[in-house]
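A.B. asks:
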Amino acid sequence: MAPRPPKGLVPAVLWGLSLFLNLPGPIWLQPAPPPQSSPPPQPHPCHTCRGLVDSFNKGLERTIRDNFGGGNTAWEEEKLSKYKDSLSWGNREALWWLRAV
């Protein structure tokens, strides 16, 4: 058996009140739309380029200051020198094919 909806004045008033609060009010009670403003002006191309260059220079200065300017060349030559003259699988295959021709 399905439950019956409650009868009486209180549920009806609550239902009516919730319906009233969820509906939009009269036009004179609704907030006015924001005034139409013109779109923001585009920056001059020179300002855009100058900003890009300034940002690049700041990044370059930060790189120099934080010592990300390069590696230890002597260590790389000592530790990684065996890879300098090594051949990858593709290069070996290409050399084999060239010798066969």
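Here the sequence shown stands for residues -29 to -1, 1 to 72, where the numbers follow mature numbering (1 follows the signal peptide of the UniProt record, and there is no 0).
Where a beta carbon is used, it is the ideal one built from N, C-alpha and C, also for glycine.
Predicted, not measured: the structure shown is a model, and the values here were computed from it.
1. Starting from D37, trace the alpha helix (DSSP H) both ways and give me its first and last residue.
2. Can you look up P14 in the DSSP assignment and give me helix, strand or coil?
3. Measuring only the C-alpha atoms, how far is D37 from P12?
C.D. replies: Looking at the atomic coordinates:
1. Element bounds for D37: n/a, residue is neither H nor E.
2. coil
3. 37 Å
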